[in-house]
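A.B. asks: Position 252 of the sequence shown, counted from 1, bears residue number 421 in our numbering, the numbering being contiguous throughout.
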Amino acid sequence: MRRINPSRFKVATRGTSRDINTRIVLNLVRAHQPISRADLARQMGVSRGAVSLIVNDLLAQRAIFEGATGETERGRKPTFLYIDSRRRAVVAADIRASETFLMLADLVGKPLTGVISFPTVSDPKQLIAKLAARIKRLIADHPEIDGCAGIGVVVPGMVEHSTMRVLHAPTLGWRNVDVREGLAAATGLPVQIENSGRACALAQMWALRGDLAMATGDLVFVSVSDGVGVGVIMNGEVLRGRHNIAGEFGHVPLSLDGPKCSCGAHGCWEAYISNRATLARYFGRAANTATLEDAKHRQFSVEDLITRARGSDAKAVAAIEATARYLGLGLASVINVLDPSRVYVGGEITLAWDLIEGTVRTALGERALTSAAAETEIRPVAAAEYPRLQGAAALVAAPAFAAPVVA
Ligand SMILES: [Zn+2]
Numbered sequence: 170m171r172r173i174n175p176s177r178f179k180v181a182t183r184g185t186s187r188d189i190n191t192r193i194v195l196n197l198v199r200a201h202q203p204i205s206r207a208d209l210a211r212q213m214g215v216s217r218g219a220v221s222l223i224v225n226d227l228l229a230q231r232a233i234f235e236g237a238t239g240e241t242e243r244g245r246k247p248t249f250l251y252i253d254s255r256r257r258a259v260v261a262a263d264i265r266a267s268e269t270f271l272m273l274a275d276l277v278g279k280p281l282t283g284v285i286s287f288p289t290v291s292d293p294k295q296l297i298a299k300l301a302a303r304i305k306r307l308i309a310d311h312p313e314i315d316g317c318a319g320i321g322v323v324v325p326g327m328v329e330h331s332t333m334r335v336l337h338a339p340t341l342g343w344r345n346v347d348v349r350e351g352l353a354a355a356t357g358l359p360v361q362i363e364n365s366g367r368a369c370a371l372a373q374m375w376a377l378r379g380d381l382a383m384a385t386g387d388l389v390f391v392s393v394s395d396g397v398g399v400g401v402i403m404n405g406e407v408l409r410g411r412h413n414i415a416g417e418f419g420h421v422p423l424s425l426d427g428p429k430c431s432c433g434a435h436g437c438w439e440a441y442i443s444n445r446a447t448l449a450r451y452f453g454r455a456a457n458t459a460t461l462e463d464a465k466h467r468q469f470s471v472e473d474l475i476t477r478a479r480g481s482d483a484k485a486v487a488a489i490e491a492t493a494r495y496l497g498l499g500l501a502s503v504i505n506v507l508d509p510s511r512v513y514v515g516g517e518i519t520l521a522w523d524l525i526e527g528t529v530r531t532a533l534g535e536r537a538l539t540s541a542a543a544e545t546e547i548r549p550v551a552a553a554e555y556p557r558l559q560g561a562a563a564l565v566a567a568p569a570f571a572a573p574v575v576a
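1. Are the stretch 312 to 320 and the stretch 256 to 273 touching, with three or more C-beta to C-beta distances below 8 Å?
2. Just how far apart, CA to CA, sit A541 and P509?
3. Quick check on the burial criterion: 16 or more other C-beta atoms within 10 angstroms. Buried or exposed for S331?
4. Roughly how far, in whole angstroms, is the beta-carbon of T528 from the beta-carbon of A552, given that I think they are within contact range, below 8 Å?
5. Report whether the distance from the Cβ of E406 to the nearest heavy atom of ligand 1 is below 7 Å.
6. What does the alpha-carbon distance come out to for the pair I264 and F469?
7. Which residue's Cα is closest to the Cα of D226: M213, L273, N190 and A543?
8. Can you list, in chain order, the residues of its chain with a C-beta nearer than 8 Å to that of R206? Leave out the 5 residues immediately preceding and following it.
9. Since A354 and V407 should fall inside the 8 Å C-beta cutoff, what is the C-beta to C-beta distance between them, to a whole number of angstroms?
10. Mind listing, in chain order, the continuous beta strand (DSSP E) runs of no fewer than 3 residues lying wholly within the stretch 294 to 324?
11. Touch check for the stretch 271 to 288 and the stretch 550 to 565: three-plus C-beta pairs under 8 Å?
12. If you compare alpha carbons, which of G351, H412, T492 and L423 is closest to L448?
13. Distance, Cα to Cα, L336 vs I402?
14. Return helix, strand or coil for K429, following the three-state DSSP convention.
15. Which of the three DSSP states is assigned to M333 in this structure?
16. Is the stretch 482 to 499 in contact with the stretch 423 to 441, if contact means three or more CB pairs nearer than 8 Å?
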């Protein structure tokens, strides 16, 4: 078997947290399955006992499975480990203020169905009922799937990690809302809830195949939709903070007297770059409830705006260019504060990346504190990849990633 050069990623040491070692094991199983415990230990350069502890945890979490022995050599037969992506599914749900999206994915996060969506009702009880009904129908429509491991839900708000309560979701007008209990009761499935930006960041880390250096490194995910969600991973761990609000760059002001934000303050980054802000700029009005109602009924979307910009609509070009500039200025703050190896940008606006990349980079260059920082890799994630649904799937498919740090 090919041996991974240990210098390419931090292997397990006494100083490396169990969380990171767990991720390395998951990535190795994913990349090399089926793989034996002995091979895992060899690849990581640690003892079999150390690997077994992590493997047993992952088996208990049902993140990995033990398959039959592969070879019939004389002597002891190794048991192979693999991530079972066959027939078992997870439900991925992306609740946004305008619409809610749903799909079934396999245990490595690959979509098993197309994406369905419906307008979001902001009353949590009604939304849970609607969501549960859609989920049950989606599962019933796919009898080829053996079982469902759970539901991963991403929400546009701050989530208390220990209870999964939504502490504050400005675009939905929610404070202290429990979605998990109601949804679990209505569907009979375990439910995981996470902030959309954080889930997107986790999913990117999970998806890094040959790039284990990145999987243990620092990355930021900026998710632009009705609002702006930011997920931060530092030293291979999700940044949550004391009150679960760490990384909320969407509500850091670019200007104190800028446009009104969903959080009630003025001039937040979100109020300049969200889809609602971009559309409001185009139509020359404030991003308010009416803009959200338009989005719910798909009257006119950022996709439509981009199509017009590709035509000869100068106003559409100007609206998108302005968003690009504010995006770059805000990214400079993110980079000046956190100095990550890579920043991912997700959302419909990435459909116009070829049009806006230059403006984003120029604005970033104006404010980045060093020329090296200005060169930080910015990677758009195509809207067609549904990064938020991938993030939701990862909450169930890769529970170890969402686990609290074991000191
Ligand atoms: Zn705000």
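All C-beta atoms in this analysis are idealised placements derived from N, C-alpha and C, irrespective of residue type, glycine included.
C.D. replies: So, to answer that:
1. yes
2. The residue you call residue 541 lines up with position 372 of the sequence shown. The residue you call residue 509 lines up with position 340 of the sequence shown. One C-alpha to the other measures close to 12 Å.
3. In the sequence shown, residue 331 corresponds to position 162, counting from 1. S331 comes out exposed.
4. Taking the first residue of the sequence shown as 1, we reach residue 528 at position 359. Taking the first residue of the sequence shown as 1, we reach residue 552 at position 383. T528 to A552, Cβ: 19 Å. No contact.
5. Along the sequence shown, read from residue 1 onward, the residue named residue 406 stands at position 237. Result no, Cβ not under 7 Å from ligand 1.
6. Translated into the one-based positions of the sequence shown, residue 264 becomes position 95. Translated into the one-based positions of the sequence shown, residue 469 becomes position 300. One C-alpha to the other measures close to 19 Å.
7. Position 57 of the sequence shown, counted from the start, is the residue given in the question as residue 226. That would be N190, whose Cα lies nearest to the Cα of D226.
8. Taking the sequence shown and counting its residues from 1, the one referred to as residue 206 is at position 37. Same-chain partners within the cutoff: R217, V220, S221, V224, P247, T248 and L250.
9. Position 185 of the sequence shown holds residue 354. Position 238 of the sequence shown holds residue 407. Incorrect: roughly 27 Å between the Cβ atoms, too far for contact.
10. 316 to 324
11. yes
12. Translated into the one-based positions of the sequence shown, residue 448 becomes position 279. For the residues G351, H412, T492 and L423, the minimum Cα distance to L448 belongs to T492.
13. What you label residue 336 is simply residue 167 of the sequence shown in a count that begins at 1. What you label residue 402 is simply residue 233 of the sequence shown in a count that begins at 1. Whole-angstrom Cα-Cα distance: 21 Å.
14. Position 260 of the sequence shown, counting from 1, holds the residue named residue 429. The answer is strand: DSSP assigns K429 an E or B state.
15. As a position in the sequence shown, residue 333 is number 164, starting the count at 1. Reduced to three states, the DSSP call for M333 is coil.
16. yes
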